[in-house]
Amino acid sequence: MQTHTPTTPFGRRTMSLGMMASQAVAKTVPEGAQVQKWQVFHTIREARDLIGATDRALAILNALLSFHPETELSGDGELIVWPSNEQLMARANGMPATTLRRHLAVLVDCGLIIRRDSPNGKRFARKGRGGQVEQAYGFDLAPIVARAEEFEELADAVRAEKNAFRLAKERLTLLRRDVVKLIETGIEENVPGNWGRVQQTYQAIVGRLPRSAPRQLIEDICCDLHGLYTEILEVLESFAKTQNPDANESHSGRHIQNSNPDSISESEEGSRKENEAGGSVAENDNLRSLPKRELPLGIVLDACPDVKDLVPGGEIRHWRDFLAAAEVARPLLGVSPSAWREACEAMGEVQAAITLAAILQRSDQINSAGGYLRSLTDKAREGKFSTWPMVMALLRAKLDAGKRAELSGDRGELATSDASDSAPGKLEVSEALLRSLKKPSGGRG
Numbered sequence: 001m002q003t004h005t006p007t008t009p010f011g012r013r014t015m016s017l018g019m020m021a022s023q024a025v026a027k028t029v030p031e032g033a034q035v036q037k038w039q040v041f042h043t044i045r046e047a048r049d050l051i052g053a054t055d056r057a058l059a060i061l062n063a064l065l066s067f068h069p070e071t072e073l074s075g076d077g078e079l080i081v082w083p084s085n086e087q088l089m090a091r092a093n094g095m096p097a098t099t100l101r102r103h104l105a106v107l108v109d110c111g112l113i114i115r116r117d118s119p120n121g122k123r124f125a126r127k128g129r130g131g132q133v134e135q136a137y138g139f140d141l142a143p144i145v146a147r148a149e150e151f152e153e154l155a156d157a158v159r160a161e162k163n164a165f166r167l168a169k170e171r172l173t174l175l176r177r178d179v180v181k182l183i184e185t186g187i188e189e190n191v192p193g194n195w196g197r198v199q200q201t202y203q204a205i206v207g208r209l210p211r212s213a214p215r216q217l218i219e220d221i222c223c224d225l226h227g228l229y230t231e232i233l234e235v236l237e238s239f240a241k242t243q244n245p246d247a248n249e250s251h252s253g254r255h256i257q258n259s260n261p262d263s264i265s266e267s268e269e270g271s272r273k274e275n276e277a278g279g280s281v282a283e284n285d286n287l288r289s290l291p292k293r294e295l296p297l298g299i300v301l302d303a304c305p306d307v308k309d310l311v312p313g314g315e316i317r318h319w320r321d322f323l324a325a326a327e328v329a330r331p332l333l334g335v336s337p338s339a340w341r342e343a344c345e346a347m348g349e350v351q352a353a354i355t356l357a358a359i360l361q362r363s364d365q366i367n368s369a370g371g372y373l374r375s376l377t378d379k380a381r382e383g384k385f386s387t388w389p390m391v392m393a394l395l396r397a398k399l400d401a402g403k404r405a406e407l408s409g410d411r412g413e414l415a416t417s418d419a420s421d422s423a424p425g426k427l428e429v430s431e432a433l434l435r436s437l438k439k440p441s442g443g444r445g
């Protein structure tokens with residue numbers, strides 16, 4: 001809707017409520033107040049939607065400010081500028097006269113400027129003998145000085161909303177990526193479950209997302225996706241545990257946390273082998289039944305995000321990037337070249353790098369990363385170690401940390417799965433499936 005300046009039947013402008021409000025604000029300019037005009041203009045531009053100003057109106061305001069000779073606007077100084085329409089149109093990139101008048105009215109109605117009309121409606125200044133302005137008629141910039149703090153608060157609110165919207169979109173992107181990767185893992189590894197139904201549930205959730213969505217809708221969809229992510233992770237984690245119910249490494253997250261740093265130093269090889277490399281034939285069989293295909297890179301990075309800090313730009317797109325990051329992590333963790341070489345020989349280069357990334361993720365809980373890696377290398381030689389339970393345990397720890405943070409009121413973490421218990425399309429796990437997961441599995445290739 002266009003805004004027009006009220007006029008009388010004789011073509012004279014009348015006083016609108018917006019003008020009266022602007023003049024009342026202008027009278028509140030504190031003595032000695034000073035603002036940087038271009039800094040305030042930048043603030044006004046950021047908050048223009050809340051103020052009600054249009055882009056073209058701000059182009060005119062920019063031109064008006066350019067007619068003021070000083071870079072600072074002072075409450076004690078002259079704040080009236082009197083350019084002609086022709087001068088304003090020239091500085092506003094040749095804006096047509098009708099458009100100029102329309103958007104000048106917008107600036108007045110928004111309380112950014114005040115009209116100071118002369119008796120004949122012309123804009124001019126009357127100067128004294130010393131060349132100083134005694135009386136000026138034109139546009140008063142006093143509201144910009146009087147409302148500078150208000151404009152800054154509005155701009156802060158706009159910036160906060162933009163940041164919240166950006167974070168919500170980032171969280172949505174990460175959740176969509178994570179859910180898709182977990183579903184692909186479940187399908188490719190033949191984990192029991194109705195994965196077609198899970199995919200339909202995922203599509204139903206993301207299908208509610210329009211091309212341009214408000215922040216609240218994005219946050220609601222994130223809650224539903226996180227609930228789905230939580231339940232899929234629980235199914236995969238349960239599957240990994242049932243494939244290896246007794247092996248120590250099925251609880252590798254807890255194992256890392258509770259590992260005795262003094263018992264796994266490289267200088268105490270004999271004690272380390274006795275305490276860390278123990279295992280039974282049943283453990284070996286169960287570990288052999290775990291998936292043989294490599295873990296998806298995305299799942300590994302979700303479980304071990306700290307490794308991304310070791311590459312330029314913090315982005316790992318391929319396994320070769322991941323292996324390069326592992327080479328950087330090795331000396332940082334104090335792992336000797338010989339320990340790393342033995343791990344690569346026993347596990348394979350990729351599995352050794354995944355193991356090192358998991359150790360890096362829990363480095364604050366491990367005193368001797370080299371000794372711990374040697375112990376896992378020994379177990380790998382005997383078929384008693386797999387990176388699958390280790391990565392799943394780290395994902396579980398990440399999820400649990402998010403739940404605790406949410407319960408503590410930390411808005412920066414993911415919402416708990418309880419927020420989406422009533423969401424449509426919740427992942428269904430039948431009792432028969434749960435019973436099948438609890439049964440010891442035979443060997444899988």
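In UniProt numbering, the protein residues as written are 1 to 445.
Ideal Cβ positions, reconstructed from N, Cα and C, are used throughout, including at glycine.
CB-CB length for residue i against residue j, believed under 8 Å
| i | j | result |
| --- | --- | --- |
| VAL311 | ASP321 | 6 Å |
| ALA155 | THR71 | Incorrect: roughly 20 Å between the Cβ atoms, too far for contact. |
| ALA157 | GLU219 | Not confirmed; about 18 Å, so no contact. |
| LEU360 | ALA324 | Their Cβ separation, rounded to whole angstroms, is 14 Å, which puts LEU360 and ALA324 out of contact at 8 Å. |
| VAL391 | ALA358 | 7 Å |
| ILE113 | LEU64 | 7 Å |
| LEU233 | LEU395 | 6 Å |
| THR185 | ILE299 | 6 Å |
| VAL180 | TYR229 | Incorrect: roughly 10 Å between the Cβ atoms, too far for contact. |
| ALA380 | MET347 | 5 Å |
Enclosing beta strand (DSSP E) for residue i [first to last residue]
| i | result |
| --- | --- |
| GLU327 | Not the beta strand (DSSP E): GLU327 falls in the alpha helix (DSSP H), residues 319-333. |
| LYS127 | 124-127 |
| ARG115 | 114-116 |
Residue burial classification, residue i (beta-carbon count within 10 angstroms, cutoff 16)
| i | result |
| --- | --- |
| TRP340 | buried |
| GLU345 | exposed |
| THR242 | buried |
| ASP224 | buried |
| TRP388 | buried |
| ARG197 | exposed |
| LEU209 | exposed |
| THR377 | buried |
| HIS318 | exposed |
| VAL133 | exposed |
| GLY207 | exposed |
| LEU290 | Any reading at LEU290 needs caution, since the residue's pLDDT is 49, under 50, leaving its predicted position unreliable; the model's value is listed next. Flag for LEU290 reads buried. |
| ALA97 | exposed |
| ILE313 | Residue identity check: residue 313 is Gly in the sequence provided, not Ile. Exposed, by the Cβ-count rule. |
| GLU231 | buried |
| GLN365 | exposed |
| PHE124 | exposed |
| GLU188 | exposed |
| VAL191 | buried |
| PRO143 | buried |
| LYS127 | exposed |
| SER212 | exposed |
| LEU333 | buried |
| GLY227 | buried |
Cβ shell of residue i (< 8 Å), same chain only, five flanking positions each side left out
| i | result |
| --- | --- |
| residue 447 | The question about residue 447 has no answer here: the residues shown for the chain are numbered 1 through 445. |
| ALA53 | ILE44, LEU61, VAL106, LEU107, CYS110, LEU112 |
| ARG215 | GLU161, ALA164, PHE165, ALA168 |
| ILE316 | LEU297, LEU301, VAL307, LYS308, PHE322, ALA325 |
| GLU342 | ARG374, THR377 |
| ARG159 | GLU46 |
| PRO305 | GLN361 |
| GLN199 | ILE183 |
| SER118 | PHE124, TYR137 |
Contacting residues, own chain, Cβ-Cβ under 6 Å from residue i (five flanking each side not counted)
| i | result |
| --- | --- |
| ILE80 | ARG116, ALA136, GLY138, ASP140 |
| LEU172 | ILE218, CYS222 |
| MET95 | MET89 |
| GLU78 | VAL133 |
| GLU152 | THR43 |
| ALA352 | ALA343, CYS344 |
| VAL35 | LEU73, VAL145, ALA148 |
Residue i, enclosing alpha helix (DSSP H) - first and last residue
| i | result |
| --- | --- |
| VAL158 | 148-188 |
| GLN203 | 195-206 |
| ARG45 | 37-46 |
Own chain partners of residue i with C-beta closer than 7 Å, once the 5 adjacent residues on each side are dropped
| i | result |
| --- | --- |
| ARG48 | LEU58 |
| HIS68 | LYS37, VAL81, LEU141 |
| GLU237 | MET392, ARG396 |
Worksheet item: Going along the chain, which unbroken runs of the beta strand (DSSP E) with 3 or more residues stay wholly within the stretch 48-108?
Response: Listed in chain order, the complete beta strand (DSSP E) runs (minimum 3 residues) inside the stretch 48-108 are 72-74.
Worksheet item: What residue ranges within the UniProt domain "Plasmid replication protein C C-terminal" (296-396) form continuous beta strand (DSSP E) runs of no fewer than 3 residues, ordered along the chain?
Response: List check, beta strand (DSSP E) in window: nothing returned.
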